[in-house]
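Trainee:
Number of protein chains: 2
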Amino acid sequence: MATIRDVAKQAKVSVATVSRVLNKKGYVSKEAEEAVLKAIKMLDYRPNSVARTLYNKSSGMIGLVVPDITNPFFPELARAVEDVALTYGYTVVLCNTDEMVEKEKKYFEALKQKYVDGIILTTSSLSTEDYDRLELPIVALDRELGDNIPTVVSNNRQGAREATEHLIHRGCRYLAHFRGPVGVAPADERYLGFKEVAEQHEIPYKVVNADFHIDKAESAANELLTNTPLIDGVFAGSDVTAAGVMKAAHTLNFSIPDQLKVIGFDGIPLGSMLVPPLSTIEQSIYKMGALSSRLLIKQIEKKPIDAMYYDLPTKLVIRGTT
Amino acid sequence: MATIRDVAKQAKVSVATVSRVLNKKGYVSKEAEEAVLKAIKMLDYRPNSVARTLYNKSSGMIGLVVPDITNPFFPELARAVEDVALTYGYTVVLCNTDEMVEKEKKYFEALKQKYVDGIILTTSSLSTEDYDRLELPIVALDRELGDNIPTVVSNNRQGAREATEHLIHRGCRYLAHFRGPVGVAPADERYLGFKEVAEQHEIPYKVVNADFHIDKAESAANELLTNTPLIDGVFAGSDVTAAGVMKAAHTLNFSIPDQLKVIGFDGIPLGSMLVPPLSTIEQSIYKMGALSSRLLIKQIEKKPIDAMYYDLPTKLVIRGTT
DNA sequence: TTTTTATGTGTAACCGGTTACACACATTGT
DNA sequence: ACAATGTGTGTAACCGGTTACACATAAAAA
Numbered sequence: 001m002a003t004i005r006d007v008a009k010q011a012k013v014s015v016a017t018v019s020r021v022l023n024k025k026g027y028v029s030k031e032a033e034e035a036v037l038k039a040i041k042m043l044d045y046r047p048n049s050v051a052r053t054l055y056n057k058s059s060g061m062i063g064l065v066v067p068d069i070t071n072p073f074f075p076e077l078a079r080a081v082e083d084v085a086l087t088y089g090y091t092v093v094l095c096n097t098d099e100m101v102e103k104e105k106k107y108f109e110a111l112k113q114k115y116v117d118g119i120i121l122t123t124s125s126l127s128t129e130d131y132d133r134l135e136l137p138i139v140a141l142d143r144e145l146g147d148n149i150p151t152v153v154s155n156n157r158q159g160a161r162e163a164t165e166h167l168i169h170r171g172c173r174y175l176a177h178f179r180g181p182v183g184v185a186p187a188d189e190r191y192l193g194f195k196e197v198a199e200q201h202e203i204p205y206k207v208v209n210a211d212f213h214i215d216k217a218e219s220a221a222n223e224l225l226t227n228t229p230l231i232d233g234v235f236a237g238s239d240v241t242a243a244g245v246m247k248a249a250h251t252l253n254f255s256i257p258d259q260l261k262v263i264g265f266d267g268i269p270l271g272s273m274l275v276p277p278l279s280t281i282e283q284s285i286y287k288m289g290a291l292s293s294r295l296l297i298k299q300i301e302k303k304p305i306d307a308m309y310y311d312l313p314t315k316l317v318i319r320g321t322t
Numbered sequence: 001m002a003t004i005r006d007v008a009k010q011a012k013v014s015v016a017t018v019s020r021v022l023n024k025k026g027y028v029s030k031e032a033e034e035a036v037l038k039a040i041k042m043l044d045y046r047p048n049s050v051a052r053t054l055y056n057k058s059s060g061m062i063g064l065v066v067p068d069i070t071n072p073f074f075p076e077l078a079r080a081v082e083d084v085a086l087t088y089g090y091t092v093v094l095c096n097t098d099e100m101v102e103k104e105k106k107y108f109e110a111l112k113q114k115y116v117d118g119i120i121l122t123t124s125s126l127s128t129e130d131y132d133r134l135e136l137p138i139v140a141l142d143r144e145l146g147d148n149i150p151t152v153v154s155n156n157r158q159g160a161r162e163a164t165e166h167l168i169h170r171g172c173r174y175l176a177h178f179r180g181p182v183g184v185a186p187a188d189e190r191y192l193g194f195k196e197v198a199e200q201h202e203i204p205y206k207v208v209n210a211d212f213h214i215d216k217a218e219s220a221a222n223e224l225l226t227n228t229p230l231i232d233g234v235f236a237g238s239d240v241t242a243a244g245v246m247k248a249a250h251t252l253n254f255s256i257p258d259q260l261k262v263i264g265f266d267g268i269p270l271g272s273m274l275v276p277p278l279s280t281i282e283q284s285i286y287k288m289g290a291l292s293s294r295l296l297i298k299q300i301e302k303k304p305i306d307a308m309y310y311d312l313p314t315k316l317v318i319r320g321t322t
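Note that the protein sequences, when read in sequence, are chains A and B. When we follow full-length UniProt numbering, the leftmost residue of the first sequence carries the number 1, and every step to the right adds one. When we follow full-length UniProt numbering, the leftmost residue of the second sequence carries the number 1, and every step to the right adds one.
(1) Run through DSSP, which three-state label would A:H177 get?
(2) Please classify A:Y310: does DSSP put it in a helix, a strand, or coil?
(3) Which residues in the same chain as B:Y309 place their Cβ atom closer than 6 Å to its Cβ, once the five residues preceding and following it in sequence are excluded?
(4) What are the residues that DSSP puts in a beta bridge with A:A187?
(5) Would you call the stretch 291–302 of chain A and the stretch 171–186 of chain A touching, i.e. three or more CB-CB distances under 8 Å?
(6) Is the Cβ of A:K9 closer than 9 Å to any Cβ of chain B?
(7) Does DSSP put B:G193 in a helix, a strand or coil?
(8) Taking C-alpha atoms, which residue in B:L316, B:D306, B:S292 lies nearest to B:A80?
(9) Closest by CA to B:D215, which one among B:Q259, B:Y107, B:S238?
(10) From B:K303, B:E223, B:E189, B:F235, pick the residue whose C-alpha is nearest to that of B:Y205; which is it?
(11) Give the straight-line distance between the Cα atoms of B:K57 and A:T128, rounded to the nearest whole angstrom.
(12) Short of 7 Å in beta carbon distance, which residues of its chain neighbour A:C172, apart from the five on each side in sequence? Order them along the chain.
(13) Distance check for A:V93 and B:S59, CA to CA, integer angstroms please.
(14) Determine the DSSP secondary structure at A:N155, reduced to helix, strand or coil.
(15) Would A:L77 and A:V84 be called neighbours here (beta carbons separated by less than 9 Å)?
(16) Along chain A, which residues have their Cβ under 8 Å away from the Cβ of B:K216?
(17) Could you check if B:Q283 is buried or exposed, using at least 16 other CB atoms within 10 Å of its CB as the buried criterion?
(18) Taking B:V197 as the reference, which of B:L175, B:D211, B:A210 has the closest Cα?
(19) So, is the C-beta of B:F74 closer than 9 Å to a C-beta in chain A?
(20) For the candidate residues A:R319, A:M288, A:L312, A:Y191, whose alpha-carbon lies nearest to that of A:T122?
(21) Under 9 Å Cβ-Cβ, which residues of chain A neighbour B:K303?
(22) Express the C-alpha separation of B:D132 and B:K303 in angstroms, rounding to a whole number.
(23) Can you tell me which residues form a DSSP beta bridge with B:F265?
(24) In the DSSP assignment, find the unbroken alpha helix (DSSP H) run with B:L111 in it and report its ends.
(25) Distance, Cα to Cα, A:Y107 vs B:L252?
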């Protein structure tokens, strides 16, 4: 691998001149530039980005921290982040934390030492100060980490309201909500939106915890639907949860949507693959990821960002289950 | 951020001694070691991994190149790769290529310049020489890149045979195969396995291309099932493809499994969420990813590897669609 | 006693870039 | 004619580690 010194020698100029040509910075004469370009081509020279990183303290990498890429909500997010990163010349380091404090800390350590330029976070096991102490550009995606950290979320509360309204409009008179993990903001918001609307319409309801997990949702639904067969409408906290509910309904011989209506949340591809296809509150997942990535890069490049808080609208998608 | 020179000064030793303590290499007296350790703690010093990388030409990163993380086969693979990488102290750079030569080349360039220690490839748009020319440890995962590159695949041919046998045992007398993209080895292998068994049993069959894509599968199935309603068994090239076929069957009012039996391939979580749950040929996806990661790291660390070709068995999982 | 060998430490070069600074020369302004 | 400014280039320090090599001392071997 040729170095900048090889190029300088070959072009009969100094390394400074080569560097100036490479970075289009400072004065370089036409002749010198041509000689350098020729030498570069001749030696098939490519600047070593590690050496650059060392001096510039900037690696052109961004960290993407997710709880678990296996959760079908995250691949699309990751894809969006990566697509945008690529067009701006950044690469993405993937970190699965399983929401474990230890792993998250370990990754932060590693990322910082590698001079990553910024981090997109979809987890929040650490405290706000921990994030501040990192002294790195950060974007909070699908989580809220504090006022001084740019944030991209869906309007979970409003989406949940729409879902619940929809069930009621469709004639449901006894609702259930299979909520996500307590303490995880989007799950809490969806719960609150559901509660608001149900109470406003004076509709009786049950709430059970399903942790956004299909098996948990299925067993919880089995139990709930057996004990409370009057339930005729379910707002699942996520599409995966909804799939679990539908499985249970199927084994209990509840017909969907006649006897039981189900609506999910997320809008992941899974929903449209189910039979009947799942009605859901669609989040603009790709858009969230792309926006976060752009926000992070703007921060990194010290460009102004328009807002600190992006609250993307959700969309009611009516399919077969309602 | 403290540097090694700060530590040296604080501990009243030379940088060489500090480095020796850090790397547990060479002779260091008890007293010196203690002084260094104390200084490190005092200054909260962490060695800069970029500087290390520059000298050692090794970054502790591995590249994971996938066509599209959004394809439900890959998240689990990525997760496995990352889990193993983490335990060995490596980080993973995620690269989506969409099977596009240009992107793949661009990434290789970038990865090499960042001194990644190796690459796991699940794509193969480039030629064998291109990979050789990289001069980097490589593992081929779910693809075959050449004899001198360690390879981890499922036994696709055998799995396809089992799937087809299973359909026939279940009484199917007119089969269809919705194959994946031509030229992609796993898809070709599955097709060949299917063909072998169908012909051996003298069962008539149709083959259509579905590119592992749900919408393509659905429209192809719509057409095929309308024109050839005698078909009573479908071997889909992937679970996603199977989901498409099932959707089409549903709209055409083919009852599954009575009128039409369907079996997929992959064993992704989606399968068990469908109604009826999808019979499939399960690959050990996580195991494949973990094994690849371990193989790559062994190569990187110049440890011997047991075999160049790992052919993992598949497993017939009988669920509701057959 | 003298020579080896093991132990311990520091200096400075090196990895491969970037850039501050010094310097030379050509224009332009007054 | 002389200063001020613009253009072009090279040397060497710097980013923050690692390590070859030189050197010193102590213990073991001859």
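By construction, the Cβ of each residue, glycine as well, lies at the ideal position given by its N, Cα and C atoms. Please read these numbers as outputs of a predicted model, since none were measured by experiment.
Mentor: Put simply:
(1) On the first sequence, residue 177 of chain A is found 177 positions in, with the first residue counted as 1. If DSSP states are grouped into helix, strand and coil, A:H177 belongs with the strands.
(2) Locating residue 310 of chain A in the first sequence gives position 310, counting from the first residue. Residue state, collapsed to three classes: strand.
(3) Counting from one through the second sequence, the residue named residue 309 of chain B turns up at place 309. Same-chain partners within the cutoff: T151.
(4) Start at 1 with the first residue of the first sequence, and residue 187 of chain A comes out as number 187. Bridge partners of A:A187: none, in fact.
(5) no
(6) To locate residue 9 of chain A, count along the first sequence from 1; it is residue 9. No - not a single Cβ of chain B is within 9 Å of the one on A:K9.
(7) In the second sequence, counting from the first residue as 1, residue 193 of chain B sits at position 193. Of the three classes helix, strand and coil, the one that applies to B:G193 here is helix, per DSSP.
(8) Counting from 1 along the second sequence, the entry for residue 80 of chain B is found at position 80. Nearest option by C-alpha distance: B:S292.
(9) As a position in the second sequence, residue 215 of chain B is number 215, starting the count at 1. Of B:Q259, B:Y107, B:S238, the residue nearest in Cα terms is B:S238.
(10) Within the second sequence, residue 205 of chain B is the residue found at index 205, counting from 1. Answer by Cα proximity: B:F235.
(11) Within the second sequence, residue 57 of chain B is the residue found at index 57, counting from 1. Within the first sequence, residue 128 of chain A is the residue found at index 128, counting from 1. In a straight line, the C-alpha of B:K57 is about 36 Å away from that of A:T128.
(12) For the purposes of this step, residue 172 of chain A is taken as residue 172 along the first sequence, with counting starting at 1. So the list reads D232, G233, K261, once near-sequence residues are dropped.
(13) One-based indexing of the second sequence puts residue 59 of chain B at position 59. One-based indexing of the first sequence puts residue 93 of chain A at position 93. If you take the alpha carbons of B:S59 and A:V93, they lie about 13 Å apart.
(14) Your numbering for residue 155 of chain A matches position 155 in the first sequence. Note: A:N155 maps to coil in three-state DSSP.
(15) In the first sequence, the residue the question calls residue 77 of chain A occupies position 77. In the first sequence, the residue the question calls residue 84 of chain A occupies position 84. The answer is no: Cβ separation not under 9 Å.
(16) Reading the second sequence from its first residue, position 216 is the one you call residue 216 of chain B. Ordered by position in chain A, no residue passes the 8 Å Cβ test against B:K216, which lies about 14 Å from the chain.
(17) As a first step, residue 283 of chain B must be located in the second sequence, where it is residue number 283. B:Q283 is buried by the Cβ-count criterion.
(18) Numbered from 1 along the second sequence, position 197 holds the residue referred to as residue 197 of chain B. Nearest to B:V197 by C-alpha distance, out of B:L175, B:D211, B:A210, is B:L175.
(19) Stepping through the second sequence from its first residue, residue 74 of chain B is reached at position 74. Yes - at least one Cβ of chain A is within 9 Å of the one on B:F74.
(20) As a first step, residue 122 of chain A must be located in the first sequence, where it is residue number 122. Of A:R319, A:M288, A:L312, A:Y191, the residue nearest in Cα terms is A:M288.
(21) Taking the first residue of the second sequence as 1, we reach residue 303 of chain B at position 303. Within chain A, no residue comes near B:K303; the closest Cβ sits about 23 Å away, beyond 9 Å.
(22) Along the second sequence, read from residue 1 onward, the residue named residue 303 of chain B stands at position 303. Along the second sequence, read from residue 1 onward, the residue named residue 132 of chain B stands at position 132. Roughly 20 Å separates the two Cα atoms.
(23) Taking the second sequence and counting its residues from 1, one reaches residue 265 of chain B at position 265. DSSP output for B:F265 lists B:I281 as bridge partner(s).
(24) As a working mapping, residue 111 of chain B is identified with position 111 in the second sequence. Counted as a single uninterrupted DSSP element, the alpha helix (DSSP H) harbouring B:L111 occupies residues 101–113.
(25) Walking along the first sequence from the start, residue 107 of chain A turns up at place 107. Walking along the second sequence from the start, residue 252 of chain B turns up at place 252. About 51 Å.
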